[in-house]
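Peer 1: Residue numbers (this note's numbering), protein chains in the order written: chain R, 3 to 97; chain B, 3 to 492.
Pasting in a structure now, in structure tokens, and then I'll have a few things to ask.
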Amino acid sequence: MSLDPATVRRIARLARIRLDDAEVPPLQTELNGILGWIEQLNEVNVEGVEPLTGGAQMALKMRADEVTDGNIRDAVLANAPDRAGDYFAVPKVVE
Amino acid sequence: MHDFTIASARAALRAKKVSAQELTEAHLDAIAALNPRLNALITVMPETARAQAAAADAALARGEAHALSGIPLAIKDLFCTGGVRTTAASRILEPFVPPYESTVTANLLRAGAVFLGKANLDEFAMGSSNMTSAFGPVTNPWTRRGDNRALVPGGSSGGSAAAVAARLALGATGTDTGGSIRQPASFCGIVGIKPTYGRCSRWGIVAFASSLDQAGPFARTVEDCAILLGAMAGHDPKDSTSADVPVPDFAAACTRGVKGLRIGVPREYRSDGMAPEIEALWQQGIAWLREQGAEIIDVSLPHTKYALATYYIVAPAEASSNLARYDGVRFGLRKDGEDLDQLYENTRAAGFGAEVRRRIMIGTYVLSAGYYDAYYLRAQKVRALILRDFTEAFRHCDALLTPTAPSAAFGQGEKMDDPVTMYLNDVFTVPANMAGIPGLSVPAGLDAQGLPLGLQVLGKPFDEETVFAVGAAIERAAAFNVLPAIRAGA
Chain R
3 MSLDPATVRR IARLARIRLD DAEVPPLQTE LNGILGWIEQ LNEVNVEGVE
53 PLTGGAQMAL KMRADEVTDG NIRDAVLANA PDRAGDYFAV PKVVE
Chain B
3 MHDFTIASAR AALRAKKVSA QELTEAHLDA IAALNPRLNA LITVMPETAR
53 AQAAAADAAL ARGEAHALSG IPLAIKDLFC TGGVRTTAAS RILEPFVPPY
103 ESTVTANLLR AGAVFLGKAN LDEFAMGSSN MTSAFGPVTN PWTRRGDNRA
153 LVPGGSSGGS AAAVAARLAL GATGTDTGGS IRQPASFCGI VGIKPTYGRC
203 SRWGIVAFAS SLDQAGPFAR TVEDCAILLG AMAGHDPKDS TSADVPVPDF
253 AAACTRGVKG LRIGVPREYR SDGMAPEIEA LWQQGIAWLR EQGAEIIDVS
303 LPHTKYALAT YYIVAPAEAS SNLARYDGVR FGLRKDGEDL DQLYENTRAA
353 GFGAEVRRRI MIGTYVLSAG YYDAYYLRAQ KVRALILRDF TEAFRHCDAL
403 LTPTAPSAAF GQGEKMDDPV TMYLNDVFTV PANMAGIPGL SVPAGLDAQG
453 LPLGLQVLGK PFDEETVFAV GAAIERAAAF NVLPAIRAGA
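Right, dumping it as structure tokens:
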């Protein structure tokens, strides 16, 4: 399947990346090139195969459900682009 | 001073033939002289390095020699380093100074290492040439015979590989999601290993594709890589996928030899159109191992040809999710907008480079409603078949031997016409990431233009020892002693 310009814009919107109109046609060509090449996976018979989700062939370890970190407010806020007191500041969200 | 290996520098430091401060100053001088040309390091840390070297000298004087006391290293700028700017070679992290230290770098510091600086890379480790770095390309210290044009060092850990090859550092850290340690090691004529998934903690490493990312070392010998990996590896409760298994003496494994080992040669790696000199080098490697007493076995990995396409679904999908955190709110770049959505969109458009944006969009698409089953779920099933291929092959052999990359280093600006051409660089390295198995690249020869070529050794999960044994056997037979044109002390 091939992406049309509206789909390219929709994906960019979902990914929260602003696209200028001039960026759409080259991106459409590149993404279609990649997706067209990926189509080869349709040749593979995956009937009855369980999907492999992780890189480790082991069961994940459990740990006690207890707090092991915290009280590092200043470290958490140290790289904030904008802050108001002890909070991250953003543009007004609710009128 | 620049011809030390980690092993020989360690011996000289312990014998007080050289001090950590002398060794560090020599490397800082080399960086000052050559980094403007190579662009291998984004950030140089002279004060930190000098303080760490002084501390190493004090420890050595007290008779407290740790595994890496006084050994100067470069750190891929994907590892968070406490109090030192970390960029991932992206504008979107400008500025970001981590208040914490990654587990791998903390392990190296505990072992006494000296950090010279943060090495350049493809943006967010997405690339095979180091051309996508927001801090500019890295120049490979090697050049073609009679041709001074700048070549790429490979990627994504291109700065790490170039720094070690040009003798700006004795070793370096890298990360490997689809070949990002092994391909640059091959392009720069040095050794690099991606260990088993879970061998090194991922905590504090800027995430790309979490089920594939794995840290590993670069060095100029197999033994040096083994020493470094021994210091980097180990279980970490802060990474739930870090393996709670003992770390063996990797360096001791380098002297084991290959007598009696069964080495598999996967027939599907012999692709149509493989360069004759790559094919010849591979045959040479097979002959070397046979001469040293290994048994060569023909094996089949039937899903090899699908590994790369599978990777370009799985890795972008994971990346689109991991990189959602760069929103301009909590750290890094912010480009304001009239509302929160505009702030996100403006920040991410300004902060991410073209390749990162492409991969985020591919990932977003293959995970989106209506396409998840056709792309992402199918890719995960093919990934299971790739793992099954390796599991079956390792029933018949102890390790596999393949070429590392389909070519030697190429020119800066080449293979940039369409993304897929660049992706094909990783055709031999990606399957190991899909299966989570260890892979090492060792320099084995030169191509007709005088550029280094590597051979790849793949092993069973958590059997890096056999990988090191086979790599060291190839290293001994190849006796690769050609040096790059651009290097300290040249």
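Quick reminder that beta carbons are idealized off the backbone N, C-alpha and C, glycines included.
#1: Check whether the Cβ atoms of B:Pro440 and B:Gly456 sit closer than 9 angstroms, and answer yes or no.
#2: R:Gln59 by DSSP, collapsed to three states: which one?
#3: Does the Cβ of B:Thr349 have 16 or more other Cβ atoms within 10 Å, making it buried, or fewer, making it exposed?
#4: Look up B:Phe117 in the DSSP assignment and say whether it is helix, strand or coil.
#5: Cutting at 7 angstroms between CB atoms, please list the residues of its own chain near B:Ala32, excluding the five before and the five after it.
#6: Which stretch, first to last residue, makes up the alpha helix (DSSP H) that contains B:Phe220?
#7: Does any C-beta atom of chain R lie closer than 9 angstroms to the C-beta of B:Asn435?
#8: When you compare the CB positions of B:Pro433 and B:Ile388, do they come within less than 9 angstroms of one another, or not?
#9: Flag this pair as touching only if the stretch 73-83 of chain R and the stretch 96-105 of chain B have three or more C-beta atom pairs under 8 angstroms; answer yes or no.
#10: Going by C-alpha distance, which of B:Ile488, B:Ala487, B:Pro486, B:Phe464 is nearest B:His237?
#11: Rank B:Ser302, B:Pro139, B:Leu75, B:Ala410 by C-alpha distance to the C-alpha of B:Ala55 and give the top, closest one.
#12: Taking 9 angstroms as the threshold (beta carbon to beta carbon), is R:Val51 in contact with chain B?
#13: Report the residue ranges of all alpha helix (DSSP H) runs contained in full by the stretch 276-300 of chain B; include only those spanning at least 4 residues, in chain order.
#14: Taking just the CA atoms, how far does B:Gly438 sit from B:Ala411?
#15: Output needed in chain order: residues of the stretch 414-445 of chain B with a Cβ under 9 angstroms from some Cβ in chain R.
#16: Quick one: which residues of the stretch 77-93 of chain R get their C-beta closer than 9 angstroms to a C-beta of chain B? List them in chain order.
#17: Would B:Pro186 pass as a contact of B:Ile280 if the rule is Cβ separation under 9 angstroms?
#18: Residue range of the alpha helix (DSSP H) that B:Gly160 falls in?
#19: Can you check whether the CB of B:Leu36 is closer than 9 angstroms to the CB of B:Gly25?
#20: Decide if B:Ala115 is buried, meaning its Cβ has at least 16 other Cβ atoms within 10 Å, or exposed.
#21: Using a cut-off of 7 angstroms between C-beta atoms, extract the partners of R:Ala61 located in chain B.
#22: Determine which residues of the stretch 382-414 of chain B have a Cβ less than 7 angstroms from any Cβ of chain R, and write them out in chain order.
#23: What does B:Gly365 pair with, by DSSP beta-bridge criteria?
#24: R:Ala14 CB to nearest chain B CB: under 9 angstroms?
#25: At which residues does the beta strand (DSSP E) containing B:Thr177 begin and terminate?
#26: Which residues bound the beta strand (DSSP E) around B:Thr349?
#27: With DSSP as the reference, please indicate the residues paired to B:Gln458 in a beta bridge.
#28: Which of the three DSSP states is assigned to B:Ala235 in this structure?
#29: So for B:Thr243, helix, strand or coil by DSSP?
#30: For my contact list, B:Ala289 and B:Ala471 are in at a C-beta cut-off of 8 angstroms; report their separation, rounded to the angstrom.
#31: Roughly how many angstroms separate the alpha carbons of B:Leu111 and B:Leu230, rounded to a whole number?
#32: Looking at the secondary structure, which residues open and close the alpha helix (DSSP H) in which R:Leu43 lies?
#33: On the DSSP bridge assignment, give the partners of B:Phe81 in chain order.
#34: Run down chain R in chain order and give the residues with a C-beta less than 7 angstroms from the C-beta of B:Asp246.
#35: Using a Cβ-Cβ cutoff of less than 7 angstroms, which residues in the same chain neighbour R:Arg75 once the five nearest sequence positions on both sides are dropped?
#36: Does B:Gly275 get closer than 9 angstroms to chain R when you measure Cβ to Cβ?
Peer 2: The relevant details are as follows:
#1: no
#2: coil
#3: buried
#4: strand
#5: His4, Arg169, Leu170, Ala490
#6: Premise fails: B:Phe220 lies in the beta strand (DSSP E), 217-221, not in any alpha helix (DSSP H).
#7: yes
#8: yes
#9: yes
#10: B:Phe464
#11: B:Leu75
#12: yes
#13: 278-293
#14: 26 angstroms
#15: Asp420, Pro421, Val422, Tyr425, Asn435, Met436, Ala437, Gly438
#16: Ala77, Val78, Leu79, Ala80, Asn81, Ala82, Pro83, Asp84, Phe90, Ala91, Val92, Pro93
#17: no
#18: 160-167
#19: According to the sequence as given, residue 25 of chain B is Leu; it is not Gly. Taking 9 angstroms as the Cβ cut-off, B:Leu25 and B:Leu36 do not qualify as a contacting pair.
#20: buried
#21: Chain B residues near R:Ala61: none, gap ~11 angstroms exceeds 7 angstroms.
#22: Gln382, Lys383, Val384, Arg385, Ala386, Leu387, Leu389
#23: Its beta-bridge partners do not exist; DSSP assigns none.
#24: yes
#25: 173-177
#26: Note, B:Thr349: premise wrong, no beta strand (DSSP E); alpha helix (DSSP H) at 342-353.
#27: B:Thr404, B:Ser443
#28: coil
#29: coil
#30: Contact doesn't hold; Cβ gap of about 18 angstroms is too wide.
#31: 12 angstroms
#32: It is not in any alpha helix (DSSP H) - R:Leu43 carries neither H nor E in the DSSP assignment.
#33: B:Ile207
#34: Lys63
#35: Asp88
#36: no
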